[in-house]
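Inspection log for the structure reproduced underneath, given as structure tokens.
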Amino acid sequence: MSLEAVDLLLTDSCKKEPCPWCISVRKDEEEVPFKANGQKRVNWLRLIGLFPSLGINRVICSGGEPRKLGPKFYELINTAAQNNMYVTVSTAIFPQEGDELLTSMQQSKKILVGLPLDGSTPEMCGLMRGEGEGNRFASNLHGLKVLQGLDLLDRVTLRTVVARPNFSNVLEIPAMLLNNGIELFKLRWKLYQVNPLGVHKDEYDKWLIHTLDFMRIISRLKDIKEMGEITTLPVLAADRHHLIINSQGNANMVEMEGWLKEWPDIPSLRYRRLGNVNNEGMEQIIQRFRGIR
Ligand code: SF4
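No gaps in the numbering here: position 53 of the sequence shown is 69 in the working numbering, and each next residue is one more.
This is the structure in structure tokens:
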């Protein structure tokens, strides 16, 4: 299997109440697909140094919240970019003036940022990601303006999870951005069909939407004339070529195990454990990944 990118879950922490689809932060220990308490943490800098020789030229840094790693985080992304790798920082904290992430982005064109926006109002964002997200709505918008002011908007991917609560509201997001002076055509926008996981796995009726409905929303968004590039991740394609490594070194890939009984157009997904980078070494894990058909 070809390897398009490696997801690095740099931290296991984000907020108290994780989003229902979050793969890296769980309330319930048993539901953490990667967790193995007591294991040695990964030396990310060393790992990143190995990647180019293993043919990997793109990493996605997420967390939980990757920026919770502190000053080491910036050393890591700057080093990856100097090693000629593309780095996407998937953060829920929109960069504001003076933010170190902005400095890194200005220093290297290889550093990109993925930011969540699940609704056109604070209430809708709060409904999707919890109270704090709603309160942050104004600063999120301001963060986008700051990026635009520095001419960095074309390195932003907005990430929107499309679920039952925001199903029709997603169509309001473009007008909201335009009304706030955001140059929509410069943005990349990635939309995900929600895939409830872990403790929320039984909440399909609360979150899930059918694939066809998801695609209908996308086609209406694509009709908007000011729209930039749109990409999508339907659950059907969620097992595409991603190797995920968590902070304890456990390496997993997502794969399809079958179809949901009550939702026959939706695949059920599981994690395939490929090993631990601290024990088996990165070369071995990559060989295993590439050997899977
Ligand atoms: S904001 Fe992102 S990292 Fe944090 S809980 Fe939600 S999906 Fe997970």
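Glycine included, C-beta positions come from ideal geometry on N, C-alpha and C.
Note that this is a predicted model, so its numbers are computed, not measured.
For A21, is the beta carbon positioned less than 7 Å from some heavy atom of the ligand SF4? A21 Cβ: outside cutoff for every heavy atom of the ligand SF4.
The ligand SF4 heavy atoms versus the CB of R83: any closer than 7 Å? Because no heavy atom of the ligand SF4 lies under 7 Å away, the Cβ of R83 does not count as near it: no.
For R288 versus N268, is the C-beta spacing smaller than 8 Å? Note that the C-beta distance between R288 and N268 is below 8 Å.
Skipping 5 residues on each side, what residues in its chain have a beta carbon closer than 6 Å to that of I302? Shown here for I302: same chain residues with a beta carbon closer than 6 Å to its own, the five before and five after excluded, namely L70 in chain order.
Range covered by the beta strand (DSSP E) that runs through T27: Element bounds for T27: n/a, residue is neither H nor E.
Taking DSSP's pairing of strands, which residues face C141 in a bridge? Under the DSSP definition of a beta bridge, C141 lacks any partner.
Is the beta carbon of G130 closer than 8 Å to that of K31? Against a cut-off of 8 Å, the Cβ pair of G130 and K31 comes out as no contact.
Is the stretch 223-243 touching the stretch 176-189 in the sense that three or more CB pairs, one from each, lie closer than 8 Å? Yes: the two stretches touch, three or more of their Cβ pairs being nearer than 8 Å.
If I follow the unbroken alpha helix (DSSP H) through I234, where does it start and stop? T227 to K238 is the extent of the alpha helix (DSSP H) around I234.
Our contact map puts P138 next to G150 with C-beta atoms below 8 Å; I'd like the distance itself, whole angstroms only. 4 Å between Cβ atoms; contact.
Taking 7 Å as the cut-off, is the C-beta of C77 nearer than that to any heavy atom in the ligand SF4? No - the ligand SF4 has no heavy atom lying nearer than 7 Å to the Cβ of C77.
Going by C-alpha distance, which of Q209, C77 and G135 is nearest A253? Cα-wise, what sits closest to A253 is Q209.
Three or more C-beta pairs closer than 8 Å, one from the stretch 156-165 and one from the stretch 105-118: is that the case here? Yes: the two stretches touch, three or more of their Cβ pairs being nearer than 8 Å.
Using CA coordinates, which residue listed in N292, W205 and Y102 is at the minimum distance from V178? Looking at the Cα atoms, W205 is the closest of the given residues.
If the criterion is Cβ atoms closer than 8 Å, does the pair L200 and L194 meet it? The answer is yes: Cβ separation under 8 Å.
Can you tell me whether DSSP reads G148 as helix, strand or coil? The answer is helix: DSSP assigns G148 an H, G or I state.
Complete runs of the alpha helix (DSSP H) confined to the stretch 64-152 [at least 4 residues]: Within the stretch 64-152, complete alpha helix (DSSP H) segments of at least 4 residues are found at 87-98, 116-123, 138-145 and 147-151, given in chain order.
Residue from G65, Y90, E81 and Q122 with nearest C-alpha to M101: For M101, the nearest C-alpha among the options comes from G65.
Cβ neighbours of M2 in the same chain (closer than 6 Å, five flanking residues each side left out): Lying outside 17 to 309, the shown extent of the chain, residue 2 is not represented and no answer is given.
Could you compute how far the alpha carbon of K238 sits from the alpha carbon of P283? It is roughly 25 Å from the alpha-carbon of K238 to the alpha-carbon of P283.
Could you check if P132 belongs to the surroundings of the ligand SF4, using beta carbon to heavy atom distance under 7 Å? Checking the Cβ of P132 against the ligand SF4 gives yes.
Around the C-beta of A96, are 16 or more other C-beta atoms found within 10 angstroms, so that it is buried, or is it exposed? The residue is buried, with at least 16 neighbouring Cβ atoms inside 10 Å.
Within a Cβ cutoff of 6 Å, which residues of the same chain sit near C35, ignoring the five residues on either side of it in sequence? Excluding residues within five positions, the ones whose Cβ falls inside 6 Å are R145.
Are the CB atoms of S29 and K84 nearer to each other than 8 Å? Yes, these two residues count as a Cβ contact at 8 Å.
Apart from the five residues on each side of it in sequence, which residues of its chain come closer than 6 Å, Cβ to Cβ, to D152? It should be pointed out that residue 152 corresponds to Arg in this sequence rather than to Asp. So no residue of the chain qualifies.
What residue from V58, T27 and V22 has the CA that sits closest to N294's CA? Out of V58, T27 and V22, V58 has the C-alpha closest to the C-alpha of N294.
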